[in-house]
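Colleague: The opening residue of the sequence shown carries number 492 in my numbering; numbering runs sequentially from there. All residues carry an ideal CB built from backbone N, CA and C; glycine is no exception.
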Amino acid sequence: MRRALLLSILGLLALPGCASGPRERTTPPSLTWPVTQWSEEKRALHVLRRLAFGPSPRDWEEVRRVGASSWVERQLWPERIPDEVLEQRLATLPTVTLGMKALMERYPLLQEHARELGLRLETQEDRDRLTEMLGRDMLPGQVDEELRTQKLLRAVDGQRQLQEVLVDFWFNHFNVSVDKGPVRWMVMSFERDALRPHVFGRFRELLAATASHPAMLYYLDNWRSAGEGSTPGKGKKASTGLNENYARELLELHTLGVDGGYSQQDVREVARAFTGWTIDEPERAPVFVFRPAMHDVGDKHVLGVALPAGGGQEDGERVLDILARHPATARFIATKLARKFVSEAPPPALVERLALVFLSTEGDLRAVYSALFTSPEFWSDAALGSLTKTPLELVVSSLRALGARTDGGPAISRVVERMGQNLYRAPAPTGYPEHAAPWVNTGALVQRINFALTLAEGKVQGTRVEFPWGWASPPANAAALLDSLAPRLLFEPLSAETRATLLAALTPGERDFMPDGEVRPLDVRRAAGLLLGSPEFQKQ
492 MRRALLLSIL
502 GLLALPGCAS
512 GPRERTTPPS
522 LTWPVTQWSE
532 EKRALHVLRR
542 LAFGPSPRDW
552 EEVRRVGASS
562 WVERQLWPER
572 IPDEVLEQRL
582 ATLPTVTLGM
592 KALMERYPLL
602 QEHARELGLR
612 LETQEDRDRL
622 TEMLGRDMLP
632 GQVDEELRTQ
642 KLLRAVDGQR
652 QLQEVLVDFW
662 FNHFNVSVDK
672 GPVRWMVMSF
682 ERDALRPHVF
692 GRFRELLAAT
702 ASHPAMLYYL
712 DNWRSAGEGS
722 TPGKGKKAST
732 GLNENYAREL
742 LELHTLGVDG
752 GYSQQDVREV
762 ARAFTGWTID
772 EPERAPVFVF
782 RPAMHDVGDK
792 HVLGVALPAG
802 GGQEDGERVL
812 DILARHPATA
822 RFIATKLARK
832 FVSEAPPPAL
842 VERLALVFLS
852 TEGDLRAVYS
862 ALFTSPEFWS
872 DAALGSLTKT
882 PLELVVSSLR
892 ALGARTDGGP
902 AISRVVERMG
912 QNLYRAPAPT
922 GYPEHAAPWV
932 NTGALVQRIN
942 FALTLAEGKV
952 QGTRVEFPWG
962 WASPPANAAA
972 LLDSLAPRLL
982 FEPLSAETRA
992 TLLAALTPGE
1002 RDFMPDGEVR
1012 PLDVRRAAGL
1022 LLGSPEFQKQ
C-alpha cells in the first residue's frame, strides 16, 4: 500500500516548480511597503513561508490579525519580542549556556574519564562498560545532541522566527563542522556568541566575530598559521608554516565571492595578515589570542591596498575593513540574501539595489533586510512559492503546521539527516546547497513522504500530534475530509491534479469508514500525512 502511495505522490513531486559609521538605530524605522493585489491571506502565507519556518496555527492567526507588514516590522527587531516559553524549554538543556572550557571539562572524551578513574580501555567491552557506568549525558555526544535540540526547539516554538531563519542562513554562510577535532565543543558558542548577536547588526561586526572565534580558527586551521621564521603557537598540532585555508574561504565564501576579482596572491597576502590569530589551549580551554611571535611583520598588499611593515593584529583587522567595504562583498551578500528570500535566480536590479543599501549603510544588515522585504520583487507573483524547502525547513514546517509538541530530540534530527542535511555537520566549508536540486532527488523525496506519513500517524518518538481535530460535524467522506484538512495544513488550496491523486490514495475501500460514514481517526492522520507530502507543501 505505501509503495503505491509513494509512487503516486512522487509523480506529483516531479511536476515543474517543485524544484565606524553612523550610530546604531534604536527605534524601528517607518518602512514603505509596495502596493500589491494580493489578499491578506496570501501575504500572510508568503511571509510565514519565507521569514519563518512555515505557518503554525498560532502564527497564522497572529499575522492575519496584525497584518503581514506589521508582523515583518516586528520580526526585524527580535529583541523586543518576548519568548518566555521557549526560554523555559531551553533552560532544561544544560549545555546551551556553557562556555567552551566548561563544556570540555564537563563532557570530556571517554578516554579522559578513563584516565581520571585510572582505567584502561583495551577492548570495546571496556568502553561499553565505562559508558554505561557514566551515562551518556556525561559524554561529548550530549553536547552534540543538545546543540541540535536547541536549534530545532527555536525553529519550531520560537516567537523570533526571522532571527532563527537568519541564524540558520548565516551559520551556513560561515560554516564550521562539529566533526573536526575539538570544534564539537566550540560550535554552541560560535552560534550563540559569534552569530546570534550580530545577524541584525553590521556585517563588519559579524565578520570579525567569526574570524576571531576558536571554532573558525580551528576549523580552517588558521590557529596553526605562522609567518616564515616565527615561533609556533601552543598545542601539540601547532605549526610554523603559512596556512591559506581561512584566507581562501574568507575571500571566496565569506566576502567577495568566487568571482570577486581577487588573485591567488591576494589569498597569500591575506593569509600573512592573519598569522598570529590563534587559540590558547585549543583542546582544554580555547580562547582567541594574538601571538606577535607567530605574525608575519613584513609589508603586505591586499586588493591593491598597502599594509605597512611592522603591523600586528591590526593587519587582520585592516583586511576585514577592506573586505567589509568592498563592492564585490556588497554584491555577493546581496545576491545570497536575494536567493534565500526571493528566487534562486534573483532579478539583477534587486541585487544592485540591495548592494547599494549595504554600501551606503556600511553593511547595516537590518537595513538590507528591510530593503529586501519591502521590495516589489519580494512581493511578486514570480517569488510566490518559487523556492523548495531544505530538509530542516520541511521537517520544522511540518511540525509547525500540525501544531505538534516535540522535544526536538534525536528522532527529529535523524529525520533531517536522512533527508540529506546532517545538522552542524556539513562536509565542506561551503555549507549545505542553496539551490533545490540536491534536495529533490527521488531518494530524498521518498524520505520526505515517509516522514510526513509517520509524523501524522504519531509515530515519531518525542513528538505528539493530537487527532482528530474538532469539526462542528465530521467530514462525510474522503473528499470532504481532504477539503477540510487542506486549508488547515497548507493554508492555500490544492491544485486539481494533487487533489485527485491524494483523493485516490484516500479511498481504497470501504474498510476505512465506519458504518455511519464517519471517517476513522487513522484516515485523518493519513490525509494529513498525504498533504504534508504533497508538492504544494514542499514549496515556500
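What would DSSP say about D757, mapped onto helix, strand or coil?
Modeller: In the structure shown, D757 sits in a helix (DSSP, three-state: H, G or I).
Colleague: So which of L741, K827, A836 has the shortest CA-CA distance to L845?
Modeller: Closest option to L845, Cα to Cα, is K827.
Colleague: For E552 and L985, I'd like the C-alpha separation in whole angstroms.
Modeller: Straight-line Cα distance between these residues: approximately 20 Å.
Colleague: Going by DSSP in three states, K950 sits in which element: helix, strand or coil?
Modeller: Correct three-state label for K950: coil.
Colleague: Give a yes or no on whether the minimum CB-CB distance between L856 and chain C is below 9 Å.
Modeller: Annotation note: the requested chain C is absent from the structure, which comprises a single protein chain.
Colleague: Would K950 be called buried (16 or more neighbouring beta carbons within 10 Å of its own) or exposed?
Modeller: Answer is exposed; the Cβ neighbour count stays below 16.
Colleague: Return the first residue and the last residue of the beta strand (DSSP E) that A797 is part of.
Modeller: Where A797 is concerned, the enclosing beta strand (DSSP E) stretches over 796-798.
Colleague: What are the complete alpha helix (DSSP H) segments, minimum 4 residues, inside the stretch 838-867?
Modeller: Correct list: 839-851, 856-864.
Colleague: When the Cα of V669 is compared with those of E636, A646, F691, which residue comes out closest?
Modeller: Closest option to V669, Cα to Cα, is E636.
Colleague: Spell out a yes or no on whether the stretch 904-911 and the stretch 574-581 are touching, meaning 3 or more CB-CB pairs, one atom from each, closer than 8 Å.
Modeller: Because the criterion of three Cβ pairs below 8 Å is not met, the stretch 904-911 and the stretch 574-581 do not touch.
Colleague: Put W930 into one of helix, strand or coil per three-state DSSP.
Modeller: W930 falls in the helix class under three-state DSSP.
Colleague: Mapping DSSP to helix, strand and coil, what is T588?
Modeller: In the structure shown, T588 sits in a helix (DSSP, three-state: H, G or I).
Colleague: Find the nearest neighbour of R639 within the set K831, I770, T586, judged by alpha-carbon distance.
Modeller: Nearest C-alpha to R639: T586.
Colleague: Name the two residues that bound the continuous alpha helix (DSSP H) containing H537.
Modeller: Residues 531-541.
Colleague: Report the residue from A947, R540, R571, S866 whose alpha carbon sits nearest the alpha carbon of Y894.
Modeller: First, the residue type needs correcting, since residue 894 is Gly and not Tyr in the sequence shown. The shortest Cα separation from G894 among A947, R540, R571, S866 belongs to A947.
Colleague: Quick one: give me the first and last residue of the alpha helix (DSSP H) that W524 is part of.
Modeller: It is not in any alpha helix (DSSP H) - W524 carries neither H nor E in the DSSP assignment.
Colleague: For D806 and E696, what's the separation of their Cα atoms in angstroms?
Modeller: Taking the straight line joining both Cα atoms gives about 16 Å.
Colleague: Could you compute how far the alpha carbon of G545 sits from the alpha carbon of E774?
Modeller: Straight-line Cα distance between these residues: approximately 39 Å.
Colleague: In or out: N713 buried (at least 16 other Cβ within 10 Å) or exposed?
Modeller: Looking at its Cβ environment, which holds 16 or more other Cβ atoms inside 10 Å, N713 is buried.
Colleague: Three-state secondary structure (DSSP) at A819?
Modeller: Three-state result, A819: helix.
Colleague: Could you please give the first and the last residue of the uninterrupted alpha helix (DSSP H) stretch that includes D659?
Modeller: Segment 652-664, the alpha helix (DSSP H) holding D659.
Colleague: Which runs of the beta strand (DSSP E), 3 residues or longer, sit entirely within the stretch 962-988?
Modeller: With a minimum length of 3 residues, no continuous beta strand (DSSP E) run stays inside the stretch 962-988.
Colleague: For A700 and F665, I'd like the C-alpha separation in whole angstroms.
Modeller: Approximately 11 Å, taken between the alpha carbons.
Colleague: Buried or exposed, going by whether 16 or more other CB atoms sit within 10 Å of the CB of E570?
Modeller: Answer is exposed; the Cβ neighbour count stays below 16.
Colleague: The beta strand (DSSP E) spanning I770 covers which residue range?
Modeller: That run of the beta strand (DSSP E) goes 768-771.
Colleague: So, at 6 Å on beta carbons, what are the nonlocal neighbours of A902 in its own chain, with the 5 sequence-adjacent residues on each side left out?
Modeller: For A902, where only same-chain residues beyond five positions count, the Cβ hits under 6 Å are V951, Q952, G953.
Colleague: Rounded to whole angstroms, what's the CA-CA distance from R541 to T614? Just pull it up for me.
Modeller: C-alpha separation (whole angstroms): 51 Å.
Colleague: Per DSSP, which residues does V780 bridge with? Please list them.
Modeller: According to DSSP, which records beta bridges pairwise, V780 is partnered with T769.
Colleague: Helix, strand or coil for T879 per DSSP?
Modeller: The answer is strand: DSSP assigns T879 an E or B state.
Colleague: So, for F660: in the same chain, excluding its five sequence neighbours on each side, which residues have a beta-carbon less than 7 Å away from its beta-carbon?
Modeller: For F660, where only same-chain residues beyond five positions count, the Cβ hits under 7 Å are K831.
Colleague: Shortest alpha-carbon distance to M785 belongs to which of R715, R1017, S703?
Modeller: Among R715, R1017, S703, the Cα nearest to that of M785 belongs to R715.
Colleague: Between the alpha carbons of G751 and T820, how many angstroms are there, rounded?
Modeller: The alpha-carbon atoms of G751 and T820 are separated by roughly 7 Å.
Colleague: DSSP three-state label for V1010, please.
Modeller: Residue placement at V1010 is flagged as unreliable, the pLDDT there being 48, under the threshold of 50; the coordinate-derived value follows with that caveat. The answer is strand: DSSP assigns V1010 an E or B state.
Colleague: Answer yes or no: do M707 and V667 have a C-beta to C-beta separation smaller than 9 Å?
Modeller: Cβ atoms of M707 and V667: closer than 9 Å.
Colleague: Along the alpha helix (DSSP H) that carries V906, what are the first and last residues, could you check?
Modeller: Here the alpha helix (DSSP H) through V906 covers 901-909.
Colleague: Note the first and the last residue of the continuous alpha helix (DSSP H) segment covering V576.
Modeller: Residues 575-581.
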